[in-house]
Amino acid sequence: MNRRHRHLLILCISIIAFAGMVTLVSLGVISRRRNRDLTFGLERVDVLIAEGRLAEATAMVPWLADRADEASEMLSVLKRGVTVLDAGAGPEALDEAAQRAVGTFPGNATFRSLAVYAAVMTSDMDRALEWSRAYLIDDDPEMFAWVLLKSDAEVPERSESSADDTLYESFFLAGLDNQARAEDFERAWRLTGDWRYASNAAILFLQDGAVAPALDLVVGASLPLRAPVLAADVLQDAGDAQGALNALRNAGTNDESRALPRTADALMSIGRYDEAERVYLDLIRRMPGLSDVPLLNLAWLGTSPQESAGYYDAAVAGFPESWRAVEQRALHLALSDLETAYASLGEYTGPHAGSRESLLRLKLEPFMDPRGYEAAVWTLVAEPDSPEDALRFAAWYFDGRGQHDALLEFLERVDLRSAWAETYTGISLARAGQWSDAVDSFRAAYSAGPSWMTALNLALCHFAAGNPREGTEALDNAVQYARQSGLPPESASVFVTISRITTDRLAAYEAITTALELDPTNTQALFIRDRLESGSGYQ
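The working numbering puts the sequence shown at residues 10 to 548.
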């Protein structure tokens, strides 16, 4: 390198160094200016708040958040945002500033909690719940639990002493239209020990048909003492009527309208009919307009046709809009006089009167010729106000007579997307050998109403269609739902299926033992057990 080149290089380095120094000076000036702006702005917000000029103070909060370079500065800005909110301004400014704070300082637990709080205040519950699950379980469990309660604004605040269980009714009146999951409330209960979260979790589990986890919460959170009506419902669904009775003894006087009917129902479940009758009589004496159910159950308990008829008449007179009462009285009258039964239907004042009357006539008509009966069924389902029970009757009728083409035509015509309709569709398609379409229908049935029954149907169809992996997965779901439902006797078929498809002899024997514990008279299970014990093939 010659001297000229060295001089040029030194000159370039000097220029670059000078430019860098100018840049650093400029950045320092900008930083000092931003710091002055921030300091001035914070002081200005304080003045505006003191003067009651909340709109101007609110507008400055996001602007200040843009100028906060340090976490301590951002915290000062957010504190002003909270102060403005507490003074009566809207939460939008705090929400905007808090989101910027989380973006700038993503690991700051305080900023994340404030951002969740602001999201709740702006009613952005989707974001509040998403961030709560991501951050607050570890950062701030108490706030996580608070967000869950706020996720359903229709549920009123409850005091710790509310042993009358009003939360149960209010939660259902809210329509369960919230974004929180049962598992969220269960986690909140385990984090805080607050039994109200356990109550909400149990309600959601019960609504999903998951009795086993609801029962765990009833026991773990001592709900028979704190929410006795809810606890009784869970225990009754789990098949523990005596436990339900024990829980209901803790119900307060404010709960009598819900506790007394449940007490009578539990007594009926365990065959203590005389005691149930006394409770029902006490109920209609003290709360005559509560429901038609006590009168209908007293009619069932009646010791003579005349006594039963009196209770049926009282039920219809008191609740003429109840099709249940009108139908049960008509069925009772039909035992002796069909025309009188038909005439009694005119007292019904509720919805779908024409369709319901036509449906009951179909059920009671003893001598209608098959062609006329089928025409009546089509007429019934063609009516614009046909209730769902009429549609289900039509599906049952076509399936029972083996008219699978008519059943498919009917289901396509009414275009239902319910679990029972998809199940009937799947059965008809399977009988026609259309396995791929049948799988789609059973999958739709499971999606519309997940349960051990719909999962078992899907599993069986997968196995028949040659999809063993998918069938095993669906069967695992069936077992899970059966256990969540408290293993009702009907679910024995799930374990019979397991014993048929497994290649493990011990697993087959365990499954068939479970099936027979649930249903000791299940002929398929007895047959398979005999073959297993004799050493014969069992598949």
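Idealized CB from N, CA, C, for every residue including glycine.
- Leaving aside the five residues that flank VAL93 on each side, the residues in its chain whose CB is nearer than 8 Å to its CB run, in chain order, VAL54, ILE58, LEU63, ALA66, THR67, VAL70, ALA102 and LEU103.
- Judged by DSSP in its simplified three-state form, ALA247 adopts coil rather than helix or strand.
- If you compare the alpha carbons of LEU371, SER345, THR349 and ALA334 with that of THR358, the shortest gap goes to ALA334.
- Straight through space, the alpha carbons of ALA211 and SER300 are spaced by roughly 25 Å.
- For ARG422, the three-state secondary structure derived from DSSP is helix.
- For SER502, the enclosing alpha helix (DSSP H) covers residues 501-510.
- Taking one beta carbon from each stretch, the region 312-324 and the region 268-284 have fewer than 3 pairs nearer than 8 Å; the two do not touch.
- For the region 225-285, the full-length alpha helix (DSSP H) segments reaching 4 residues or more read 232-235, 237-246, 250-257 and 265-278 along the chain.
- Collapsing the DSSP output to three states places THR113 in a helix.
- In the three-state scheme derived from DSSP, where H, G and I count as helix and E and B as strand, GLY442 is classed as coil.
- Taken through DSSP and simplified to helix, strand or coil, MET130 comes out as helix.
- Judged by DSSP secondary structure, TYR206 falls within the alpha helix (DSSP H) whose first and last residues are 204-216.
- Taking each of ASP513, VAL56, HIS361 and LEU340 in turn and checking the Cα distance to GLU330, the smallest one comes out for HIS361.
- Cβ-Cβ separation between SER81 and LEU51: approximately 12 Å, too far for a contact (criterion under 8 Å).
- Taking C-alpha positions only, VAL243 is separated from ALA223 by approximately 7 Å.
- Distance from the CA atom of VAL156 to the CA atom of ALA399, rounded to whole angstroms, is 43 Å.
- For the alpha helix (DSSP H) assignment, the uninterrupted runs of no fewer than 4 residues enclosed by the region 44-118 are, from N- to C-terminal side, 63-74, 80-95 and 101-113.
- Our two residues, VAL220 and ASP414, have alpha carbons roughly 38 Å apart in a direct line.
- Boundaries of the alpha helix (DSSP H) harbouring ARG196: 191-201, taken from the DSSP string.
- With contacts defined by Cβ atoms closer than 7 Å, GLN533 and VAL505 form a contacting pair.
- Distance between THR434 and LEU467, taken at the CA atoms: about 12 Å.
- It is roughly 12 Å from the alpha-carbon of SER231 to the alpha-carbon of TRP198.
- With a threshold of 16 other beta carbon atoms within 10 Å, PRO297 falls short and is exposed.
- Annotation: the continuous alpha helix (DSSP H) that includes ASN306 extends over 302-310.
- DSSP, read as helix, strand or coil, puts PRO314 in helix.
- In this structure, PRO459 is the residue among ASP528, PRO459 and PRO498 with its C-alpha nearest to the C-alpha of PHE214.
- Annotation for GLY363: the continuous alpha helix (DSSP H) segment containing it runs 362-373.
- Within the same chain, and ignoring the five residues on either side of ALA441 in sequence, the residues whose Cβ sits closer than 7 Å to its Cβ are HIS413.
- In the three-state DSSP reduction, ASP346 falls in the coil class, being neither helix nor strand.
- Inter-residue distance for LEU123 and ALA517 is about 55 Å (C-alpha atoms, whole angstroms).
- For a cut-off of 8 Å, the C-beta gap from ALA473 to ARG426 is around 24 Å, too long to register as a contact.
- A direct Cα-Cα distance of roughly 14 Å separates ILE293 from ASP274.
- Classified as exposed, GLY97 has fewer than 16 neighbouring CB atoms from the shown chains inside 10 Å of its CB.
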